[in-house]
Amino acid sequence: MARWLIYYRMNKILKILALINVILLLCAPSCGDEQEMANREDTALIESRENIREEFETDYLTESSLSAYEVAAKQKLSDFVDYLRIITDTAIDVAFRQQAAEMIRGIFISDGVLVQKITDENIKELKVSQLITDGLENKLAIPLFSMDSIRIQEPLHRTGSVAYSGTIRFSQNITYPSMPEEIQGSINRFAEIYLTKESKIFGSDTLHVWSVRLGDIR
Numbered sequence: 262m263a264r265w266l267i268y269y270r271m272n273k274i275l276k277i278l279a280l281i282n283v284i285l286l287l288c289a290p291s292c293g294d295e296q297e298m299a300n301r302e303d304t305a306l307i308e309s310r311e312n313i314r315e316e317f318e319t320d321y322l323t324e325s326s327l328s329a330y331e332v333a334a335k336q337k338l339s340d341f342v343d344y345l346r347i348i349t350d351t352a353i354d355v356a357f358r359q360q361a362a363e364m365i366r367g368i369f370i371s372d373g374v375l376v377q378k379i380t381d382e383n384i385k386e387l388k389v390s391q392l393i394t395d396g397l398e399n400k401l402a403i404p405l406f407s408m409d410s411i412r413i414q415e416p417l418h419r420t421g422s423v424a425y426s427g428t429i430r431f432s433q434n435i436t437y438p439s440m441p442e443e444i445q446g447s448i449n450r451f452a453e454i455y456l457t458k459e460s461k462i463f464g465s466d467t468l469h470v471w472s473v474r475l476g477d478i479r
C-alpha cells in the first residue's frame with residue numbers, strides 16, 4: 262500500500278512537472294513573439310519618422326509635391342470665403358464666429374497681410390487682423406458674392422533657401438441679395454501663395470515641415 266501511494270504521488274508529481282514544461286514551451290514562443298512584435302513596432306515607428314522627415318523636411322520639392330501644395334492653396338482660398346461668411350453672420354453664435362476667425366488667421370502667412378475688401382461703394386484694403394476685428398464687431402459690410410475660375414496664375418517657384426511663392430487668379434462674382442443666382446458684376450482677383458517651413462510637433466519629435474499659406478489678396 263505504501264509503495265502504491267509513493268508510486269501514485271510520484272506519478273502525480275511527474276504529470277505536474279510535465280504540464281509545467283508544456284506551459285513553458287507554449288509560453289516561450291509567445292513571449293518571444295511579443296518581444297518580436299514590440300521590436301517590429303519600434304522599427305516601424307522609426308521608419309515612419311524617417312519617411313516623414315524625408316517627405317516633409319526635404320529642402321527641395323518635386324513638381325508633383327508643388328502641384329499638391331497648389332491644390333491645397335486653392336482650397337484655402339475657398340475656405341477663407343466660407344469662414345468670412347461665418348464671422349460676418351450675426352445670426353451665428355459668437356463662439357462659432359470666433360472659431361472661424363482663428364481658422365482665417367491660420368490661412369494667411371501673417372495677420373499683416375492685406376485683403377482687398379469689396380463693398381457696394383468702393384474697394385478698400387484691410388489687414389487680416391482688422392478684417393477679423395471688423396467682422397466680429399459687425400462692422401464689415403460685404404456684398405453677397407461667389408468665386409469661380411480659381412486657377413494657378415504663377416506656379417510655385419523657389420524664392421529663397423527654404424521658401425516658394427506663386428499666385429492664384431480667380432473671379433469674384435457679386436450677386437444680388439434677392440437673386441443670388443444672378444451676377445451683378447465680376448472682378449478678377451489675385452491671391453499670393455507662400456510655401457515655407459514651419460515647426461510641427463509629432464509625438465516627442467519636432468519636425469520642420471512645409472506649409473502653404475495665403476498672402477495679399479488684391
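All residue numbers for the sequence shown refer to the working numbering, where the first residue is 262 and numbers rise by one. Using N, Cα and C, we set each Cβ at its ideal position, and we do this for glycine too.
Under the three-state reduction of DSSP, K335 is assigned to helix. The three-state secondary structure of A361, taken from DSSP, is helix. Residue H418 holds the alpha-carbon nearest to the alpha-carbon of L322 among H418, G476 and F451. With 16 or more other Cβ atoms inside 10 Å of its own Cβ, V374 counts as buried. Comparing alpha carbon positions, the residue from L456, S328, S472 and A452 closest to K378 is A452. For G367, DSSP assigns no beta-bridge partner whatsoever. By the Cβ rule, the region 411-429 does not count as touching the region 360-368, because fewer than three pairs are nearer than 8 Å.
Rounded to the nearest whole angstrom, the C-alpha separation of L327 and S472 is 11 Å.
Annotation: the continuous alpha helix (DSSP H) that includes G396 extends over V389 to L397. At the C-beta level, L397 and I348 come within 8 Å of one another.
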